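Colleague: Convert by adding 3 to the 1-based position in the sequence shown; the result is the number in our numbering.
We treat Cβ as the ideally placed atom computed from N, Cα and C, and that holds for glycine.
Note that this is a predicted model, so its numbers are computed, not measured.
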Amino acid sequence: MKHVNVSLFVPHLGCPNSCIFCNQKTISGKCEPLKNEDIVKACDIAKNGNYDIADSEIAFFGGSFTAIEREKMISFLETAKPYVGTYFSGIRISTRPDCIDEEVLGILKEYGVTAIELGAQSMSENVLIKNERGHTPEDTEKACKLIRDYGFSLGLQMMTGLYGSDDETDIYTARKFIELKPDTVRIYPTTVLENTKLEALYREGKYIPPTLEDSIKLCSRLLLMFRENNIKVIRLGLHSGGNVEDGFVAGAYHPAFRELVEGEIYKDLIDEKLSLLPEGDYTLGVHPKEISKALGQKRCNAEFFRNKGKNVKITGDETLSRYDVIIIK
Ligand code: SF4
């Protein structure tokens with residue numbers, strides 16, 4: 004059965020900050036403030052679908068949920084609560100690390116929130132300052148501990164290629180995340196959006212975003228780091244749609260970013276297997292669900308090896324796990 008998420012966007016609502024890269028309205032594609040009727044409508048539509056309740060959530064995304072004026076935040080939760088346990092397994096919210104304390108966690112618990120995601124973005128103090136995040140790495144560490152102590156599922160979000168960051172710093176952030184033991188991670192390469200301070204820095208030549216190619220390489224490393232530590236990466240790259248294409252100025256945005264990253268992982272794995280072998284025809288095995296990733300988007304991996312004199316055919320083998328590659332002949 005299907006997994007269902009009722010996604011409710013709360014753009015900028017309650018956000019005390021103005022991070023240099025953020026134009027939340029562009030990201031969420033929604034300018035109207037969220038109303039209680041919107042929550043009811045979205046939940047009513049979703050509850051009629053065919054899905055697994057245990058694998059379904061109501062998700063408040065986009066702003067800093069716990070920084071929303073208390074009365075309004077509670078009224079959103081009150082509206083969503085009757086659906087929790089009956090139609091959906093819980094509520095997921097996202098917020099800033101410095102907007103978490105015991106008082107607000109007590110409220111979230113009471114209203115059926117099960118998962119909290121923190122927009123940590125970087126664990127480098129310097130990068131946080133340069134991007135005007137308004138919180139420190141210590142705020143993130145403290146918030147993670149509190150969220151865990153209260154028994155919530157913990158999610159962390161990071162951005163790669165931020166102003167003042169580089170691959171080494173992004174890998175450092177991933178390492179710090181692993182130490183914090185989140186249940187889930189989301190990775191977003193930085194994009195320059197219209198009407199942001201980052202756009203001005205970009206236009207002045209003071210910020211050069213990493214290329215799509217470089218971001219794919221970096222994110223393939225990050226994805227494997229989290230996988231090795233049993234941390235699920237539930238999102239890689241910004242969602243397509245939501246008008247991000249309209250506000251996009253520059254950066255590593257691609258609607259199928261994850262597919263490209265996973266294709267890169269397979270390219271490296273296959274290269275490792277074939278690098279010492281002579282030119283010729285090879286049949287490789289991967290899990291059947293991974294065949295298209297192993298071939299790469301638009302079969303670019305097959306093309307890559309063909310250019311090296313190696314014709315690669317990929318077949319499915321149920322006994323293999325994700326990222327296992329074997330040479331059959
Ligand atoms: S905290 Fe989040 S919503 Fe607020 S400005 Fe920064 S990125 Fe945007």
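1) Which complete beta strand (DSSP E) runs does the region 59-136 hold, if anything under 3 residues is left out?
2) With respect to 6 Å, is the separation between the Cβ of Asn134 and the closest non-hydrogen atom of ligand 1 below this value?
3) Decide if Gly52 is buried, meaning its Cβ has at least 16 other Cβ atoms within 10 Å, or exposed.
4) Can you give me the C-alpha to C-alpha distance between Lys316 and Asn232, rounded to a whole angstrom?
5) In three-state DSSP terms, what is Ile190?
6) Drop a sphere of 10 angstroms on the beta-carbon of Asp284, count the other beta-carbons inside from all chains shown, and report buried for 16 or more, exposed for fewer.
7) Within the same chain, show all residues whose beta-carbon is closer than 6 Å to that of Asn20, passing over the 5 residues directly before and after it, in chain order.
8) Counting C-beta neighbours from all protein chains within 10 Å, is the total for Ala259 16 or more, i.e. buried, or is it exposed?
9) In its own chain, which residues sit with a C-beta less than 7 Å from the C-beta of Asp47, not counting the 5 before and 5 after it?
10) Pull up the CB-CB distance for Met161 and Ala177, whole angstroms please, since I reckon it's below 8 Å.
11) For Asp327, write down the residues that DSSP places opposite it in a beta bridge.
12) So which of His257, Val236 and Ile234 has the shortest CA-CA distance to Ser243?
13) Alpha carbon to alpha carbon, how far is Ser10 from Lys50?
14) Cutting at 6 Å between CB atoms, please list the residues of its own chain near Asp186, excluding the five before and the five after it.
15) Assuming Gly65 and Val13 form a contact by the criterion Cβ under 8 Å, report the distance between their Cβ atoms to the nearest whole angstrom.
16) Taking Cβ to Cβ, would you say Lys200 is nearer than 7 Å to Ile330?
17) Could you tell me if the beta carbon of Gly66 falls within a distance shorter than 6 Å of some heavy atom in ligand 1?
18) Hey, Gly254 and Thr172 are a contact pair by Cβ (cut 8 Å); roughly how many whole angstroms apart?
Modeller: In brief:
1) The beta strand (DSSP E) runs lying completely inside the region 59-136 and spanning 3 residues or more are 93-98 and 116-124, given in chain order.
2) The answer is no for Asn134.
3) Taking all protein chains in view, the Cβ of Gly52 is surrounded by fewer than 16 other Cβ atoms within 10 Å, so the residue is classified as exposed.
4) Spanning the two alpha carbons is a distance of roughly 31 Å.
5) Residue state for Ile190 is assigned as strand, using DSSP reduced to three classes.
6) Answer is exposed; the Cβ neighbour count stays below 16.
7) So the list reads Gly137, once near-sequence residues are dropped.
8) Label assigned to Ala259: exposed.
9) Counting only Cβ-Cβ distances below 7 Å, and skipping sequence neighbours, we find nothing.
10) Your pair Met161 and Ala177 checks out as a contact, with CB atoms roughly 7 Å apart and the cut at 8 Å.
11) Asp327 is not bridged to any residue.
12) Among His257, Val236 and Ile234, the Cα nearest to that of Ser243 belongs to His257.
13) If you take the alpha carbons of Ser10 and Lys50, they lie about 13 Å apart.
14) Correct list, in chain order: Ser156 and Leu157.
15) Rounded, the Cβ-Cβ distance is 5 Å, consistent with contact.
16) With respect to the 7 Å criterion, Lys200 and Ile330 are not classified as neighbours on the basis of their beta carbons.
17) Answer for Gly66: yes, Cβ within range of ligand 1.
18) Going by Cβ atoms, the distance from Gly254 to Thr172 rounds to 17 Å, so no, they are not a contact pair.
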